[in-house]
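Engineer:
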Amino acid sequence: MLKKIKRAGEPGYKQCSVTIMDTTDPDITFDDNGISNWVYYFREKILPNWKPEGNPEAFETLIQRIKSDGKDKEYDCALGLSGGVDSSYLAYIAKREGLRPLIVHTDAGWNSEIAVENIENIVKLCGFDLFTVVIDWDEMRDLQLAFLRAGVPNQDIPQDHTIFAAFYGLAAKHRIKWVLSGHNNACESILPPAWGHDALDVCHLNAIHRRFGEGRLGSFPRMGRIRYGLRYTLLGGMRVAKPLDLLPYKKAEAMDVLEREFGWQYYGGKHFESRWTRFFQGWWLPTKFGYDKR
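For the sequence shown, the working numbering begins at 7 and goes up steadily by one.
(1) Just to confirm my understanding: we take Asp148, look at its own chain, exclude 5 residues before and 5 after, and list those with CB closer than 7 Å. What are they?
(2) Rank Gly60, Trp290, Val140, Pro159 by C-alpha distance to the C-alpha of Thr112 and give the top, closest one.
(3) From Arg71 to Asp78, what does the alpha carbon distance come to, in whole angstroms?
(4) Which runs of the beta strand (DSSP E) at least 3 residues long sit entirely within the region 190-259? Give them in chain order.
(5) What separation, rounded to the nearest whole angstrom, lies between the Cα atoms of Pro164 and Trp184?
(6) To the nearest angstrom, how far is the alpha carbon of Val158 from that of Phe295?
(7) Is the distance from the Cβ of Pro254 to the Cβ of Thr168 below 8 Å?
(8) So, helix, strand or coil for Ala84, using DSSP?
(9) Beta-carbon within less than 6 Å of Phe65's beta-carbon, same chain only, minus the 5 sequence neighbours each way: which residues are those?
(10) Output the residue ranges of the beta strand (DSSP E) runs that lie fully inside the region 147-194 and measure 3 residues or longer, sorted by chain position.
(11) For the region 59-113, which segments carrying the beta strand (DSSP E) assignment without a break, of at least 3 residues, lie completely within its bounds, in sequence order?
(12) Could you give the first and the last residue of the continuous beta strand (DSSP E) run that contains Leu131?
(13) State the CB to CB distance for the pair Pro32 and Ile11, rounded to an integer number of angstroms; the pair is presumed to be in contact (CB under 8 Å).
(14) Counting along the chain, where does the beta strand (DSSP E) carrying Thr138 start and finish?
(15) Do Pro107 and Leu344 have their beta-carbon atoms positioned less than 8 Å apart in this structure?
(16) Are at least three pairs of beta-carbons, each pair with one atom in the region 270-281 and one in the region 85-100, less than 8 Å apart?
(17) Taking only three categories from DSSP, how would you classify Gln287?
(18) Could you round the C-beta distance between Ala97 and Ile128 to whole angstroms and report it? I think they count as a contact, below 8 Å.
(19) By a C-beta neighbour count over all protein chains shown, 10 Å radius and 16 as the cutoff for buried, is Pro199 buried or exposed?
(20) Could you spell out where the alpha helix (DSSP H) holding Tyr47 opens and where it closes?
(21) Rounded C-beta distance between Gln161 and Trp290? I'm assuming under 8 Å.
(22) At the level of alpha carbons, what is the spacing between Phe170 and Glu119?
(23) What separation, rounded to the nearest whole angstrom, lies between the Cα atoms of Pro249 and Asn190?
(24) Taking Cβ to Cβ, would you say Ile214 is nearer than 8 Å to Ala152?
(25) Let me know the secondary structure DSSP gives Phe278 once reduced to three states.
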């Protein structure tokens, strides 16, 4: 059962006096000054562990450790590349710092032409090895339709789940210890839990497909939290690093660098390098549920 939200213009609508967060998050709360719980969350949980101006010492320590752990190996890290801003800039940083990443791209059938060109240019100009995992389109289509029939908010789960599963599976296959993530606090530190669902919840994915799907997901890459936490990280020793959180990361400046270095092109919106995410975040969420991630 979805919790009721209040949109702009509706009785009871309210916006945080500090941020743009509002009552489209059904769990939002406000103090007497109109400051939302998200401001306190940011101040108490994010800022103590993150320096927006960058942390050069920690960044250099991370780079040297990745190089040391990957010495004499074909690759010292793995990096998932979508052609979007964050992953593309991360590839630029990896090249600048002399890392030897295995670049992984999962083709779930929704790539925009711009994203494909961005990936090709970055890999070519950096001299990186690219491994593309192509998802069976019939299975992808069946699962995506199952999620649409279910009518759940997070329609990105089929795409996101298989991207993560294929990426971590390939990194484990190559015995790569360090995985580089483009996730960063500068652009993605606040997201109401009510607006989505964990993409790695394989039980949720399987349950929706059993009820609303039509075929079998024979080759569709899947990975639950147990496999990720136990097999890959605890037993396999895999480590996830977020280098962008150790840099003074500013999206507009990163885009300028990418355009200058690689002829990189912007695709018109947050995560719109995927045509499906363009539909999902641009229409499905704001129109059907009132959730606007843009």
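We treat Cβ as the ideally placed atom computed from N, Cα and C, and that holds for glycine.
Predicted model, so just to flag it, every value in this text is computed and none were measured.
Structural biologist: By the coordinates alone:
(1) Gly219, Glu220, Gly221
(2) Val140
(3) 14 Å
(4) 245-247
(5) 25 Å
(6) 10 Å
(7) No. Outside cutoff.
(8) strand
(9) Leu252
(10) Entirely contained in the region 147-194, the beta strand (DSSP E) runs reaching 3 residues are, in chain order, 184-186.
(11) 83-86, 107-113
(12) Segment 119-132 is the alpha helix (DSSP H) holding Leu131; no beta strand (DSSP E) there.
(13) 5 Å
(14) 135-140
(15) Any answer about residue 344 is impossible in this case: the structure gives the chain only from 7 up to 300.
(16) yes
(17) helix
(18) The distance from the Cβ of Ala97 to that of Ile128 is about 5 Å, consistent with a contact at the 8 Å cut-off.
(19) exposed
(20) 43-47
(21) That pair is a contact at about 6 Å.
(22) Each residue's CA atom was taken as its position, placing Phe170 and Glu119 some 22 Å apart.
(23) 8 Å
(24) yes
(25) coil
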